[in-house]
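Protein sequences, first through last, are from chains A and B. Numbering-wise (numbering that gives the first Met the number 0), the first sequence opens with residue 0 and increments by one. Numbering-wise (numbering that gives the first Met the number 0), the second sequence opens with residue 0 and increments by one. For every residue, glycine included, the Cβ atom is placed at its ideal position computed from N, Cα and C. Being a predicted model, the structure only gives us computed values, none of them experimental. Remarks on the structure that follows.
Protein chains: 2
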Amino acid sequence: MDLQLADSRSSQIPPVCMKCGVRGGGVCAALTAAQLQELNRQSARQRIEAGTEVVGQGEEIGTYANIMQGVVKLTKMMADGRQQIVGLQFAPDFIGRPFQRESTLSAEAATDTEICSFPRAVLERLTERTPELEHRLHCQSLKELDDARDWMLTLGRKTAHEKVASFLYLIASRTHCGDGVKSSFELPLSRADIADFLGLTIETVSRQMTKLRKDGTISIENSRHVTVPNMERLVRCAGNE
Amino acid sequence: MDLQLADSRSSQIPPVCMKCGVRGGGVCAALTAAQLQELNRQSARQRIEAGTEVVGQGEEIGTYANIMQGVVKLTKMMADGRQQIVGLQFAPDFIGRPFQRESTLSAEAATDTEICSFPRAVLERLTERTPELEHRLHCQSLKELDDARDWMLTLGRKTAHEKVASFLYLIASRTHCGDGVKSSFELPLSRADIADFLGLTIETVSRQMTKLRKDGTISIENSRHVTVPNMERLVRCAGNE
DNA sequence: CGCAGGTTTGAGGTAGATCAATGTCAGTGG
DNA sequence: CCACTGACATTGATCTACCTCAAACCTGCG
Numbered sequence: 000m001d002l003q004l005a006d007s008r009s010s011q012i013p014p015v016c017m018k019c020g021v022r023g024g025g026v027c028a029a030l031t032a033a034q035l036q037e038l039n040r041q042s043a044r045q046r047i048e049a050g051t052e053v054v055g056q057g058e059e060i061g062t063y064a065n066i067m068q069g070v071v072k073l074t075k076m077m078a079d080g081r082q083q084i085v086g087l088q089f090a091p092d093f094i095g096r097p098f099q100r101e102s103t104l105s106a107e108a109a110t111d112t113e114i115c116s117f118p119r120a121v122l123e124r125l126t127e128r129t130p131e132l133e134h135r136l137h138c139q140s141l142k143e144l145d146d147a148r149d150w151m152l153t154l155g156r157k158t159a160h161e162k163v164a165s166f167l168y169l170i171a172s173r174t175h176c177g178d179g180v181k182s183s184f185e186l187p188l189s190r191a192d193i194a195d196f197l198g199l200t201i202e203t204v205s206r207q208m209t210k211l212r213k214d215g216t217i218s219i220e221n222s223r224h225v226t227v228p229n230m231e232r233l234v235r236c237a238g239n240e
Numbered sequence: 000m001d002l003q004l005a006d007s008r009s010s011q012i013p014p015v016c017m018k019c020g021v022r023g024g025g026v027c028a029a030l031t032a033a034q035l036q037e038l039n040r041q042s043a044r045q046r047i048e049a050g051t052e053v054v055g056q057g058e059e060i061g062t063y064a065n066i067m068q069g070v071v072k073l074t075k076m077m078a079d080g081r082q083q084i085v086g087l088q089f090a091p092d093f094i095g096r097p098f099q100r101e102s103t104l105s106a107e108a109a110t111d112t113e114i115c116s117f118p119r120a121v122l123e124r125l126t127e128r129t130p131e132l133e134h135r136l137h138c139q140s141l142k143e144l145d146d147a148r149d150w151m152l153t154l155g156r157k158t159a160h161e162k163v164a165s166f167l168y169l170i171a172s173r174t175h176c177g178d179g180v181k182s183s184f185e186l187p188l189s190r191a192d193i194a195d196f197l198g199l200t201i202e203t204v205s206r207q208m209t210k211l212r213k214d215g216t217i218s219i220e221n222s223r224h225v226t227v228p229n230m231e232r233l234v235r236c237a238g239n240e
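What follows is the structure in structure tokens.
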């Protein structure tokens, strides 16, 4: 034990962690009360406005973070400005690429977001001592890898129609309010972001959305709010049969 | 120590492992001699012909494996037969998705391949006891994730010309024979596979290859053997500036 | 009201798909 | 040695899904 504090408070879970809605689901669940104390001493809850960058492509990684609320998009950009969203993260996901000094992508808040961030070094120290923490991080990496590969199939082999349906299905399943048949939700992304996620243009996204609306597959309350009367039908449109 | 054997031989690295060319680079490097013994008792070296499936999409995962030689492609298939390669693995990569019963993709030998395979349960038992092993697996997952995300940019935002150049560059860098300027290599994939990797058709791949040849960016000895006189030029074609 | 940011709609062009033919090369058997 | 076969690759002609460019349309806001 290289923890200096040994009084009774050191074994209490910090109040902010007690209140944290995502502690059970996030990587913090792997930590003891004492470790949470240690982490907590160097972490900061932050509100981040939509559109703000958390880490930049090519920048040194200074901090990691947990998402407490909101949606964060991971994007890659080419030298000429073409852009691709390569991942969407929701609470209680962990943001950051362990074991690497420089980020190969940029992380940006898609919606107004709350994160709990802490210095790189603190997490790495904890990871070395806590196999369960590395296990949690590993599981998250594997989940992200599964997501990425699913999306590669979408990007490489689906039509624009199927891509847009796949996207709506993805958001519906992450936001999961509804009864399994019907579903209604806010889109966390603008049309431009959706286009960057699907490898399409804004116009094509828009056209496919109106096509799905005219089909009756979805209805659009306003450009950000969508409801799906019959989920199975959307799944069929997405090509997942 | 729940290891039963305690004689001197139990602390020797098994002969087959001593001869193994990839032990240093693969996940086995995390294991003690005793653990290698344990793993070795249940593992099998296998030669696998090009085109043979190792695990199938939707099948239960029975075994994991290390690639000793050759190239393995990871593919996803839609219900109607459309297909996408979502990853290429080279020696000494580990094949398998830890902590999951059923495979969401299929792994198939792209070239004639040698693997060292072992039952799922053995690896999982070792992982629980050996944080260093999980760390190695974690690092491999992260590397695969980086690769997947790089490729998402390629799939979503690059032109057919750039895609083919990116593929050639990828193979050149993995095969790394050459001096950094010039490079010459065997393609481990048929035109059909390349098309499935790039989200294109065979015909488009072929046309872009001949275009690159007529440019002088590459020369094609035979359909499988390519040489790149100037690597930087290929990189420029790939859109990586 | 007018203006700005995001979204939709329209007209026309093009990269890449599709369909079909031809070419190449390693076997195989006469 | 040369014809025949089958798998794979290239080439050509046409078609279409998606892009590009341009205009109109919200919705909120000073």
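Nonlocal neighbours in the same chain, by C-beta distance under 6 Å from residue i, ignoring five residues either side
i	result
S42 (chain A)	C115, F117
F196 (chain B)	I84
L144 (chain B)	none
A237 (chain B)	E161, A164, S165, Y168
R235 (chain B)	none
L2 (chain B)	Confidence at L2 (chain B) is low in this model, with a pLDDT of 44, below 50, so the placement of that residue should be treated as unreliable; the coordinate-derived value is given next. Excluding positions up to five away in sequence, the list reads A33.
T51 (chain B)	A108
P228 (chain A)	K181
T174 (chain A)	F184
E58 (chain A)	S102
T209 (chain B)	none
Neighbourhood of residue i by C-beta distance below 8 Å, restricted to the same chain and skipping five residues each side
i	result
Q11 (chain B)	A32, Q36
I47 (chain A)	V53, G69, A108, D111, T112, E113, I114
A29 (chain A)	T129, E131, L132, H134, R135
D6 (chain A)	Legend: pLDDT at D6 (chain A) = 47, less than 50; position of this residue unreliable, no value from coordinates given.
C16 (chain B)	R22, C27, L35, N39
Contact check, residue i vs residue j, beta carbons under 8 Å
i	j	result
R148 (chain B)	L167 (chain A)	no
F98 (chain A)	C27 (chain B)	no
S102 (chain A)	L141 (chain B)	no
G86 (chain B)	D146 (chain B)	yes
R119 (chain B)	T158 (chain B)	no
T216 (chain B)	R232 (chain B)	yes
A78 (chain A)	E240 (chain B)	yes
Spatially closest choice to residue i from the options, by CA coordinates
i	options	result
F89 (chain B)	B:G95, B:S102, B:K72	B:K72
G198 (chain A)	A:A64, A:N65, A:Q139, A:L152	A:L152
P14 (chain A)	A:E127, A:N39, A:L87, A:F93	A:N39
R100 (chain B)	B:I170, B:C176, B:G55	B:G55
V21 (chain B)	B:D79, B:E58, B:E185, B:F93	B:F93
A49 (chain A)	A:R96, A:K75, A:A106	A:A106
V121 (chain B)	B:W150, B:M76, B:G80, B:A64	B:A64
P91 (chain B)	B:E240, B:T216, B:R232, B:M67	B:M67
S172 (chain B)	B:M230, B:Q82, B:G80	B:M230
K75 (chain A)	B:R156, B:T216, B:L125	B:R156
I170 (chain A)	A:L125, A:T226, A:K18	A:T226
Cβ-based neighbour list, residue i, same chain, cut-off 7 Å, excluding 5 preceding and 5 following
i	result
E204 (chain B)	The sequence given here has Val at residue 204 (chain B), not Glu. Closer than 7 Å at Cβ, skipping near neighbours: V163, R190, I193, A194, L197.
G95 (chain A)	I60, Y63, A64
Where in the region 117 to 149 of chain B do unbroken runs of the alpha helix (DSSP H), each at least 4 residues long, occur, reported from the N-terminal end onward?
-> Counting whole runs of 4 or more residues, the region 117 to 149 of chain B contains the alpha helix (DSSP H) stretches 119 to 128.
Let me know the alpha helix (DSSP H) ranges lying completely inside the region 153 to 204 of chain B, each 4 residues or longer, listed in chain order.
-> 159 to 174, 190 to 197, all fully within the region 153 to 204 of chain B.
The region 183 to 194 of chain B touching the region 219 to 227 of chain B, judged by at least three CB pairs closer than 8 Å = Enough Cβ pairs lie closer than 8 Å, so yes.
Pick out the complete beta strand (DSSP E) segments inside the region 57 to 95 of chain B, 3 residues or longer, and give them in chain order.
-> Runs of the beta strand (DSSP E) spanning 3 or more residues and lying entirely within the region 57 to 95 of chain B occur at 62 to 68, 70 to 76, 82 to 89, in chain order.
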